[in-house]
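S.K.: This is the structure, below, for whatever I ask next.
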Amino acid sequence: MPPILESPKTVAPIPDRQSTLAHRIAVNVPRLLILIVISVCLSGGWYLAKRGFGRQWRYRVVEELHKRGVEASVGRLTLDPFRGLIARNVRIFDYKNREKTLALISEVSLDINYAALIHHEPFLNALDVRNAQITLPLRGAEGKIDNAQLNNFHAHVYFPPEQIYVSQAEGVFCGIRISATGQLIKRQNYQPSPPISEEEWRRRLSLLQRVVNQLQKFTFPAAPPSLQVKFSGDIAEMESARVEATLSGDRLQRGKYEMRDLSAAAEWSDQRLNITHCEWNDVGGSFAGRADWSRQDNRANFQVRSGLDLKGFLDAFGLGGPLAEARFYSAPLVEIAGSANFGEDRLRLKIIGHATLGQFAYKTVPFSDLTADFSWDGDRALLRDLRLRHQTGQLRADLFDAPNDFRLTVDSTMSPS
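In short: position in the sequence shown from 1, add 3, done, that's this note's numbering.
Structure representation (structure tokens):
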């Protein structure tokens, strides 16, 4: 049998050490560079997220806000990987006087056109606020600062050319859910109106503080009341802006007194406040009223009709002293119309009205009913056709009281005992 020839074995060439080292370097150097770039990016992102941008960047953001009609300062400017540029510890000032702080905002997301930023052009497109807390620094009693907070605040603000547009702003203030939308015009040749005096500024803060103090005394057993606001105007003439507001609430508790089905609507236009209606119910009956006030002459007109649990209402607001010893077995019916002049010297009030009381008792004396017409102008008081009935008879009286003039007519068939 012929022998089988085997194919010759190929001997693998011994690799060149220098080419192997070059190959390893060619592979590992790019990996190392990529790792370094990633590390630098992560470190830079961590630094910008924790430490933030420098003073120069904060200044550019503040200057851009100023151009858009918002006077502010930024405590820190950081970068969030999901939300972008974040301004933290933002302080909002009065545009006319930077020394007056209007609000403190925990954080604001900035929608920025980075190409415009690099080319030193207007770069701020919008502001986005999510779940922030706004602090209103109010000066309370003895000069102490009492902070009121607007919690869970959400807002989106756009900056079209020469405009500030608030698409939707929502938050909770003193337990009331507030939402606002509107737009303001901010022209390039904007000239602010003269700043208000320090005295007027303190007066406004004091009024706001009193409102906050009263709101904090309410609780809301059901859903929170809702306040919806719409506004429009020119930022150069904020006093002449137009504002519409509606307030509604199911149940509002103050002490032992409960208001139900609250509904109110108001409008500010041409420097005039018009409360078109204010209504609510309680266990005794209902209340309906309207009023208006002019800023130009500082005068107000009002009209109310009340069938409320009057004693419970006055007690809840600390005004029940005059009726402390009275007991009403049915809700009194009171109708009042009048005007008020808030002059610099003193308040001048004029009222005219009618009152009807069903069965009631004063101290231990029961009465069947009472009716009367009345008026008062601050100097003179008139009580006309007062009729008070008791089981023993009736008392009829007329009264006029003026400086250096007092008249009283009484006709009674009641038993003095």
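Positions of the beta carbon are idealized from the N, C-alpha and C atoms, including for glycine.
(1) Going along the chain, which residues of its own chain have a beta-carbon closer than 6 Å to the beta-carbon of L411, five neighbours each way excluded?
(2) Let me know the secondary structure DSSP gives A334 once reduced to three states.
(3) If I measure Cβ to Cβ from C281 and keep anything under 6 Å in the same chain, skipping five residues before and after, which residues do I get?
(4) Would DSSP call G310 helix, strand or coil?
(5) DSSP on K70, reduced to helix/strand/coil?
(6) For F316, does the three-state DSSP call read helix, strand or coil?
(7) How would you call K314, buried or exposed, if buried means at least 16 neighbouring beta carbons within 10 angstroms?
(8) Could you say if the stretch 226 to 237 and the stretch 195 to 211 meet the contact criterion of at least three C-beta pairs nearer than 8 Å?
(9) Under a Cβ-count criterion, where at least 16 other Cβ atoms within 10 Å of its own Cβ denotes burial, should K189 be classed as buried or exposed?
(10) Give the DSSP bridge partners of H393, in chain order.
(11) Once you ignore the five residues that flank Q397 on each side, which residues in its own chain have a CB closer than 8 Å to its CB?
(12) Determine the extent of the beta strand (DSSP E) in which N277 is found, giving its start and end residues.
(13) Helix, strand or coil: which one does DSSP assign to Q152?
(14) Cα-Cα, which of R86, R91, L105 and I89 is closest to V73?
(15) What ranges does the beta strand (DSSP E) occupy inside the stretch 192 to 240, keeping only unbroken runs of at least 3 residues that lie completely in it?
(16) Is L322 helix, strand or coil by DSSP?
(17) Quick one: complete beta strand (DSSP E) runs, 3+ long, within the stretch 88 to 124?
(18) Kindly indicate which three-state DSSP category R86 falls into: helix, strand or coil?
(19) Kindly indicate which three-state DSSP category R387 falls into: helix, strand or coil?
(20) Measuring straight from C-alpha to C-alpha, what distance separates G48 and E67?
(21) Restricting to Cα atoms, I'd like to know which of T138, D285, W283 and L218 is closest to F96.
(22) Would you report the Cα separation of T186 and I167, rounded to the nearest angstrom?
(23) Between Q136 and G321, what straight-line distance do the alpha-carbon atoms span, to the nearest angstrom?
(24) To the nearest whole angstrom, what separates the beta carbons of R91 and L107, a pair I think is in contact under 8 Å?
(25) With distance defined between alpha-carbon atoms, name the residue in E173, Y161 and R63 nearest to I121.
(26) Is it buried or exposed, D285, if we count other Cβ atoms within 10 angstroms and call 16 or more buried?
(27) What are the uninterrupted segments assigned as beta strand (DSSP E) that are 3 or more residues long and contained completely in the stretch 350 to 383, given in chain order?
(28) Are the CB atoms of G356 and L336 nearer to each other than 8 Å?
(29) Express the C-alpha separation of K103 and P140 in angstroms, rounding to a whole number.
(30) Excluding five sequence neighbours on each side, which residues of the same chain lie with their C-beta closer than 7 Å to the C-beta of A75?
(31) Can you tell me the Cα-Cα spacing of M262 and D253, whole angstroms?
(32) Which residues mark the beginning and the end of the beta strand (DSSP E) in which E173 is found?
M.R.: The answer reads as follows:
(1) L402
(2) Correct three-state label for A334: coil.
(3) A267 and G292
(4) coil
(5) helix
(6) In this structure, F316 counts as helix in the three-state DSSP scheme.
(7) buried
(8) no
(9) buried
(10) G396
(11) Correct list, in chain order: R390, L391, S415, T416 and M417.
(12) Taken as a continuous stretch (DSSP letters only), the beta strand (DSSP E) holding N277 covers R275 to N284.
(13) strand
(14) L105
(15) 229 to 237
(16) coil
(17) 104 to 115
(18) coil
(19) Residue state, collapsed to three classes: strand.
(20) Annotation note: pLDDT 46 at G48 (below 50); position unreliable, no value reported.
(21) T138
(22) According to the sequence shown, residue 186 is Gln rather than Thr. Straight-line Cα distance between these residues: approximately 5 Å.
(23) Going from the Cα of Q136 to the Cα of G321 covers about 32 Å.
(24) Actually they are not in contact, since the Cβ atoms of R91 and L107 sit about 11 Å apart, beyond 8 Å.
(25) R63
(26) Looking at its Cβ environment, which holds 16 or more other Cβ atoms inside 10 Å, D285 is buried.
(27) 350 to 360, 363 to 365, 368 to 370 and 372 to 379
(28) Cβ distance not < 8 Å, so G356 and L336 don't count as in contact.
(29) 10 Å
(30) V65, L68, V93, R94, I95 and F96
(31) 8 Å
(32) Element bounds for E173: Q166 to F176.
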